[in-house]
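Report on the following structure.
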Amino acid sequence: MATREVFESRWQAAALLLPTVLVSVVFLYVPAVRAFELSLFEVGFGTGEVDFVGLENYRALLTSSEYHLSVLLTVLFAVAVVVGVMSFSLLVSFLIHEVEVGKGLYLVSAIWPYALPPAVAGFVFFFLLHPDLGVLTRAIEPPYPALGLLERPFEALGVDVDVTGPLEAVGPDVDWFSSGPQAFALVTVVAIWKQVGYNVIFMSASMNNIPGSLTETARLDGVGRLERLLRIYVPIMSPTLAFLAIMNTIYAFFGTFAFIDVMTDGGPAGATNILIFDLYRDALQNFEFGTASAKSVVLFLVVGVLMYVQFRVTEEYAYYGG
Amino acid sequence: MTLLETIVDAPNRAAEYLRGERTGDRFARLREDGLAVHAALASLVLLLLFPVLVAIVVSTKESGIVTGLADLAPGGNAYDNYYRALVELEFYRYMLNSLVMASVIVVGKLAVSLLAVLAVVYYRVPYKDFVFLFILFTLLLPVPVRFVPLYRLVTGLGWNNTVFAITVPYLASATTVFVLRQHFLSIPPSLVENAKLDGVGPLEFLWRVLIPMSKGILVGVSVIIFVYAWNQYLWPLVIVGDDLQVAQVGLGRLRGQAQAGEVAWALTMTGSVLTLLPPLVLLVLFRKPLLETFSIQRK
Amino acid sequence: MAGCVGGGGGGGGSVEAVNDELTLWHAMGGGNGETLNALGDQFQEETGIPINMEYQDSYESVLTNFLGALESGDVPDFAQIDSLFAKQVLDTGRVEPVEELLSEEFPVDDFLPNVTSFFTVNDTLQSLPFNNSNAIMYYNRTAFEEAGLDPDSPPETLAEVRSASETLVESGVVDTGITWPNHVWFVEHWYSTAGQLLFDAENGHGGNPSTLLTDNETARGLYEWWRGMADGGLFLNPGIEAWQEATSAFMQQKAAMLLTSTAFVAGARSGAEKNGFEVDNAFYPTVGEDRVGPVIGGASFFVPSGLPDDRREDIGAFLEFMASPDVQKQWHKGTGYYPIRQTAVDELSSEGWFEENPMFRTALDQLQASADDPATKRMLVEPARQSQQYVQNTSVEVFNGDTSVENGLSKMKSRVEGELS
Amino acid sequence: MARITLENVRKEYGDVVAVRGIDLEVPDGSFVVVVGPSGCGKSTTLRLVAGLESVTDGDVRKDGESLVGVEPKDRDVAMVFQNYALYPHMTAERNMTFGAGSATDFDDAEIERRVADAAELLDIADLLDRKPEALSGGERQRVALGRAIIRDPDVFLMDEPLSNLDAKLRIRMRAELAKLHEELRTTTVYVTHDQTEAMTLGDEVVVMNDGRIQQVDSPQRLYDYPANRFVAEFIGDPAMNALEVAVESGADGARAAHPGFRLPLPDGDGLDAAVDSRAVLGVRPEDLSLAGADTDADAAIEATVTVTEPLGDSLLLECRVGDDRLKTQASPRSDVRSGDTVALTPDPDRLHLFDVEAGTALYHSAEGATAPDDGRTTRSPPATSEE
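Line by line, the protein sequences give chains W, L, V and S. Here the working numbering is used: the first sequence runs in plain steps of one and ends on residue 324. Here the working numbering is used: the second sequence runs in plain steps of one and ends on residue 402. Here the working numbering is used: the third sequence runs in plain steps of one and ends on residue 422. Here the working numbering is used: the fourth sequence runs in plain steps of one and ends on residue 404.
Shown next, in the form of structure tokens:
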């Protein structure tokens with residue numbers, strides 16, 4: 003019965019925990035509880051004045067169809083981000099794991115967006131994909147002037163060939179300033195893009211730890227690549243994947259408002275108004291701290307429930323074998 | 104490898120690579136990997152890189168003349184742009200502040216978390232799981248959720264406009280505690296038992312045994328903390344003044360230059376690249392410890 | 002009940018300056034910031050009073066920080082607050098009317114009346130107007146010529162904007178006719194030039210407003226037009242509050258007309274030169290035939306109350322310095338914001354400045370041609386930011402065609418009213 | 018040098034009882050091996066002595082003084098772990114000296130001298146500046162031993178120290194450990210699950226099972242006079258055969274009756290009491306020999322060979338007798354095949370009877386079963402399954 007718990011002094015343990023617990027209580031828990039308290043008030047910023055309004059802030063939320071939409075959107079967004087990030091990262095990590103040449107280069111290239119501050123990421127994408135001014139927009143949208151070059155040789159021969167024409171009809175019309183679904187998709191893609199690096203770090207590390215003998219066995223058994231990834235690696239990596247699922251969920255809920263702030267401002271027509279942005283705007287742009295606090299309580303509950311479900315699911319399926 | 108060794112060794116490795124002694128070999132192995140795999144990987148990676156590459160290119164150009172992909176050739180204005188941002192608009196000051204803030208947070212967070220993990224892993228105390236959960240739970244309490252009370256608290260302490268304000272509230276870290284705990288649990292218990300028999304105290308054990316044994320993961324966690332701290336925006340914005348202001352806010356100020364009628368894409372991208380640089384350098388330098396250590400073992 | 006949550010820093014109202022030297026928080030970036038800093042240096046030189054001009058990236062940041070400062074008690078001596086947020090700051094009750102800081106002999110009546118009328122609440126000048134502007138129309142003379150339009154008679158009404166846009170686009174000179182940032186300020190301008198109030202209670206200057214006025218010809222005319230422009234591909238939507246993008250589109254000659262602030266005059270000139278076209282500006286296009294006047298825009302300096310008396314003198318000195326005709330002239334020349342002192346305007350005229358630089362005169366002419374009408378006083382409402390967001394966001398829904406003009410307007414109205422109540 | 022005494026020691030972890038009240042005396046300077054299957058409580062017992070665990074009940078004494086409540090570092094014991102517990106980032110020498118300062122009152126010079134001595138003794142002098150990753154398993158083991166030695170403790174506690182070594186190295190290290198103990202004469206408590214190690218190393222061997230001491234004895238007496246079935250089957254490889262029989266009395270004395278045989282049982286203590294009841298007959302495979310054709314069929318066991326395993330030095334036969342199975346060893350080159358029927362004759366002086374229910378030894382056919390030749394008491398606590 004070997005044990006690590008060889009030190010018994012309780013006051014020592016308490017002293018060691020003190021800094022973390024103190025900081026957590028003072029700067030995280032107390033303010034959070036206060037925020038809960040504030041949700042029962044109407045709060046003025048700059049004056050320190052508060053008015054007790056009871057559950058009015060919550061009543062307003064419960065009856066607001068815009069807020070309901072926001073809750074729905076957020077859950078959808080979180081699911082899309084978590085699933086998207088994890089499948090994309092898994093693919094990238096796996097491919098990197100599979101190659102011998104240039105491994106390091108691929109890895110660094112794959113993880114560096116992680117170092118990019120979210121606001122900068124949002125800004126760069128805004129620049130690239132602005133519906134009218136974006137550098138990339140022009141390449142995606144018809145007309146395709148580059149393709150026009152293909153017509154030149156035919157023109158020279160006097161044959162009239164229209165390459166770009168038919169594509170005009172099928173080419174996408176980038177307009178996420180007005181199209182809700184496009185804006186939602188864009189924000190989701192950027193959120194995924196930004197989080198891939200973090201996931202690749204953990205996934206690659208985890209894949210490196212898979213015993214080579216397993217890979218060899220699988221090869222001898224003629225197990226295909228994809229099957230090897232899904233049937234062998236993924237179960238072995240499941241503790242890492244469970245950890246990442248939780249971190250990604252937290253990221254999707256809490257770490258993404260900068261993209262929205264920079265790119266869509268919650269629009270159009272509320273299509274990207276996810277809870278954290280809504281809350282951020284209420285708190286830090288509109289200074290409606292009472293409402294914002296009520297929203298943070300709701301957000302907290304939503305995330306809490308989701309995390310609980312995730313914990314239960316991973317307890318059931320994650321492989322912690324030794 | 105230490106940072107120094109990495110740097111010192113870099114030219115050698117570069118030279119080795121450039122001599123291309125194993126070029127033929129390399130190509131053979133490339134084929135062995137499967138060209139299709141490389142093609143897929145290269146395009147995925149390019150997809151990930153593209154936006155940042157564009158930012159870099161734009162940062163070398165004159166203001167406001169990028170209108171399409173065709174314009175995406177590096178321009179000759181790099182020096183002007185970077186000089187203007189760093190020196191004239193004093194962006195270096197914000198970066199220094201960020202560096203101080205991030206460094207203090209890295210060191211502080213590691214110190215505080217190491218102590219906590221020492222207690223959580225090596226002490227026989229009641230309610231340990233509860234304490235651990237209590238720390239993990241803080242993940243659910245980001246700044247916007249507790250902004251006002253936090254603001255009042257920190258100003259009440261008289262900390263506004265001090266380094267304390269932008270560091271102390273960040274010192275408790277669920278992620279760090281979680282990762283370090285996983286790591287310590289993978290160290291054989293006999294080590295601590297042996298230390299206990301020798302009468303080596305917990306702090307000496309931490310300092311002389313655990314920390315030297317955890318160099319890799321500490322470096323890895325430091326990078327993650329650094330990136331996190333470096334990217335803080337909202338809280339520094341409101342709680343400290345210009346003297347202590349950080350790079351993320353400084354970047355907003357570069358962008359603000361544009362509002363006054365300048366079409367300053369180039370300048371903004373310059374700032375973006377500058378802001379990206381420190382975390383990127385860390386990431387590249389320390390990718391090995393990052394990767395070696397971030398496998399979540401069984402609990 | 003309330004007390005238990007309040008707590009915190011400066012609840013008692015005791016304030017302390019963040020710096021020993023005077024400190025001004027401002028949002029002037031770029032060339033405007035440089036001009037402002039130069040003025041600060043000049044003040045320091047002339048008076049020996051040190052002043053620290055602290056740049057914060059946007060009006061929103063200055064507001065957030067200033068409110069935070071009022072709450073904590075560690076305050077700057079001045080905050081440059083966007084006129085849109087004036088009410089929010091006034092409502093804290095923690096700012097001191099600048100009129101009380103100016104010396105007896107300061108000629109308050111030399112301020113341009115249209116400007117001070119906005120900043121005067123309860124018959125007292127609350128904050129010192131400094132950088133003030135209105136929206137005007139910039140246009141690309143070269144493109145106009147190429148499209149066969151007369152560059153000397155730019156469109157004056159929305160209908161004319163539309164027909165000019167059609168000509169411009171059809172001739173293939175530009176992609177779209179006109180662009181402007183989707184910001185509430187432009188809607189305010191269309192209302193005020195039409196003499197139409199946006200809020201009841203005289204846009205908030207005559208009491209607390211309770212409704213957004215959308216059931217009128219101005220609103221319908223504006224949004225019908227806006228929607229038609231978008232439908233016809235004549236309007237380039239740069240995005241919400243996307244000042245930079247709008248400017249950029251104009252500079253890249255994707256749109257031949259741009260609505261934006263007078264503060265862009267200097268930038269427009271150099272930008273157009275760089276991009277090889279000739280730029281000019283004109284009055285803001287009106288919804289109908291009537292032209293009443295523009296709303297005031299820009300910002301003013303607020304001073305927190307409760308600072309010690311010895312400091313108040315220095316503060317007063319700085320305010321008077323910034324409002325002096327010389328400084329206002331410099332500021333105007335460096336930025337395009339119009340001077341707020343009649344003396345400064347007169348001196349500029351007599352120096353022949355406006356004749357040499359007609360683009361600098363447009364905004365001032367537009368201001369001085371304005372009738373004395375309550376509609377030209379900018380909205381002064383407490384939930385300004387929310388109202389702004391609702392107007393901007395709903396505008397998108399309307400011009401996109403997601404909803405009918407009528408539904409959109411009633412949606413806008415009810416959303417804003419929800420905040421007013 | 019010290020004498021360790023355990024008195025009615027219990028250790029519980031919540032609901033789990035690891036050690037169920039044991040008494041043990043480790044004489045000064047002796048080498049006592051505690052052996053038992055995994056989970057029997059042997060490691061826990063060792064850790065209780067070390068002070069890494071605290072007793073739930075009972076007393077642990079060193080030279081008569083209670084150690085309860087004494088910090089591990091103040092017990093003057095040194096421990097050697099199965100995985101060596103070397104700090105991976107320290108050199109061998111640093112591993113040996115780290116903690117020595119806290120654990121002892123030697124000054125630096127003294128520690129240095131001791132390291133040199135220990136290094137010489139263990140033949141690791143030229144490995145001192147290497148880190149563990151550059152050492153082989155055996156070398157690591159020596160460093161771990163060296164670490165314990167330089168502390169000059171009263172007691173060495175060794176927790177399966179050889180388990181991580183390969184078979185050959187294990188045997189060599191075993192001999193070296195024995196030699197080391199000859200030289201140092203430090204009281205040693207050694208825990209292992211390997212009965213061969215226990216037999217070869219221990220002055221005395223403590224067999225534990227299920228949190229209890231089954232028997233404490235010298236290795237040979239454990240083998241010859243197992244106190245119960247558990248000890249009988251645990252000590253010795255291959256394990257002792259056990260067949261349920263009826264003990265009958267006849268004109269020519271008592272016999273063990275089985276459907277496959279009726280073996281005569283020589284007179285001995287406890288035999289009378291066992292007569293007319295059922296018992297388990299124990300006979301070691303090596304005590305059975307293949308009978309020649311002239312053997313008295315009456316004293317032999319007829320068995321059918323089911324499996325033959327050539328071991329090189331012998332041929333292991335697995336046989337069936339009635340419904341029971343039986344193992345025996347034949348000479349390595351005998352031509353017995355599976356399916357053959359063989360007659361096995363047990364050494365009449367090597368038969369044991371055990372109680373069917375409790376497993377307690379009832380009878381050993383050899384002389385001196387109840388009067389040990391070395392005068393030490395054979396302690397065999399009642400083996401009732403639950404208290």
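Note that the Cβ used here is the ideal one computed from N, Cα and C, for glycine as well. Just so we're clear, the structure is a prediction, and the values are computed from it rather than from any experiment.
Residues near Val417/V by beta carbon distance below 6 Å, same chain, minus five either side: Leu213, Ser388, Tyr391
Residue nearest to Lys297/W in terms of C-alpha spacing, selected from Phe313/W, Phe255/W, Arg314/W: Phe255/W
I'd like to know whether the C-beta atoms of Ile82/V and Ser249/V end up nearer to each other than 8 Å. no
When you compare each of Asp254/S, Asp315/S, Ala296/S to Leu333/S by their alpha carbons, which one comes out closest? Asp254/S
Contacting positions in the stretch 278–306 of chain L - beta carbon closer than 7 Å to chain S: Pro291, Ser293, Leu294, Glu296, Asn297, Ala298, Lys299, Leu300, Asp301, Gly302, Val303
Return the Cβ separation of Val223/S and Ala19/S in integer angstroms, given the expectation that the two are a contact with Cβ distance under 8 Å. Between Ala19/S and Val223/S the Cβ distance is about 17 Å, and since that is not below 8 Å, they are no contact.
Hey, does Phe291/W have any beta-carbon neighbour from chain L nearer than 8 Å? yes
Rounded to whole angstroms, what is the Cα-Cα separation between Val101/W and Leu152/L? 19 Å
Starting from the N-terminal side, write out each stretch of the alpha helix (DSSP H) that is 4 residues or longer and does not extend beyond the stretch 232–257 of chain V. 244–252
Span separating the alpha-carbon of Tyr224/V from that of Gln245/V: 23 Å
In chain order, which beta strand (DSSP E) runs of at least 3 residues are fully inside the stretch 194–262 of chain S? 204–209, 221–226, 229–234
Please identify, using Cβ separations under 9 Å, the residues of the stretch 229–260 of chain V that lie next to chain W, in order along the chain. Ala231, Leu237, Asn238, Pro239, Gly240, Ile241, Glu242, Ala243, Glu246, Ser249, Ala250, Gln253, Lys255, Ala256
Counting pairs of beta carbons, one from the stretch 69–79 of chain S and one from the stretch 21–36 of chain S, are three or more of them closer than 8 Å? yes
Buried versus exposed call for His70/W [16 or more other C-beta atoms within 10 Å across all chains shown]: exposed
Whose Cβ in chain S lies nearer than 9 Å to the Cβ of Val312/L? In chain order: Tyr104, His106, Met107, Phe115.
For the beta strand (DSSP E) that contains Glu47/V, what are its first and last residues? First-last for Glu47/V: 31–48, but that is the alpha helix (DSSP H), not the beta strand (DSSP E).
Between the stretch 262–282 of chain L and the stretch 48–57 of chain W, do at least 3 Cβ pairs fall closer than 8 Å? Result no; under three Cβ-Cβ pairs closer than 8 Å.
In the DSSP assignment, the beta strand (DSSP E) including Ile21/S goes from what residue to what residue? DSSP places Ile21/S inside the beta strand (DSSP E), whose first and last residues are 21–30.
Simplified DSSP assignment, three categories, for Arg416/V: Looking at Arg416/V - three-state DSSP - the assignment turns out to be helix.
Excluding five sequence neighbours on each side, which residues of the same chain lie with their C-beta closer than 8 Å to the C-beta of Gln57/V? Excluding residues up to 5 positions away in sequence, Trp26, His27, Ala28, Val63, Asn66 lie with their Cβ nearer than 8 Å to the Cβ of Gln57/V in the same chain.
Which class does Gln362/L belong to by DSSP, given the choice of helix, strand or coil? Caution applies to Gln362/L, whose pLDDT of 49 falls short of 50 and renders its modelled position unreliable; the value that the coordinates give is listed next. In the structure shown, Gln362/L sits in a helix (DSSP, three-state: H, G or I).
Below 8 Å on the Cβ atoms is my contact criterion, and I expect Pro292/L with His106/S to pass it. Report the Cβ-Cβ distance as a whole number of Å. Actually they are not in contact, since the Cβ atoms of Pro292/L and His106/S sit about 17 Å apart, beyond 8 Å.
Closer than 8 Å, CB to CB, is Val19/V near chain L or not? yes
Interface residues of the stretch 120–142 of chain S facing chain L [CB-CB below 7 Å]: Ala120
Rounded straight-line distance, which links the Cα of Gly154/S to that of Ser289/L: 20 Å
Own chain partners of Gly323/W with C-beta closer than 6 Å, once the 5 adjacent residues on each side are dropped: In this predicted model, Gly323/W has a pLDDT of only 42, less than 50, meaning its place in the structure is not dependable enough to derive any value.
Using CA coordinates, which residue listed in Ala244/S, Gly38/S, Leu138/S, Val160/S is at the minimum distance from Leu144/S? Val160/S
Of all the CB atoms in chain S, is at least one closer than 8 Å to the CB of Pro315/L? yes
With a threshold of 8 Å between beta carbons, is Val324/L in contact with chain W? So no, Val324/L is outside the interface.
Please name the residue in Arg272/S, Asp176/S, Arg111/S, Ile166/S whose C-alpha comes closest to that of Val50/S. Asp176/S
Decide if Phe112/V is buried, meaning its Cβ has at least 16 other Cβ atoms within 10 Å, or exposed. It counts as buried.
Give a single yes or no on whether Ala82/W has its beta carbon closer than 7 Å to a heavy atom of the ligand NAP. Inclusion of the ligand NAP in the displayed structure is not the case, the ligand content being empty and no account of it being possible.
Report all residues from its chain with a CB closer than 7 Å to the CB of Glu303/S; omit the five preceding and five following residues, and keep chain order. Gln346
Which runs of the alpha helix (DSSP H), 4 residues or longer, sit entirely within the stretch 228–292 of chain L? Taking only runs of at least 4 residues, the alpha helix (DSSP H) segments lying wholly in the stretch 228–292 of chain L are 231–239, 250–259, 266–270, 277–288.
Could you check whether the Cβ of Asp92/V sits closer than 8 Å to any Cβ belonging to chain L? no
Going by the DSSP bridge assignment, what does Trp26/V pair with across the sheet? Glu55/V, Ala80/V
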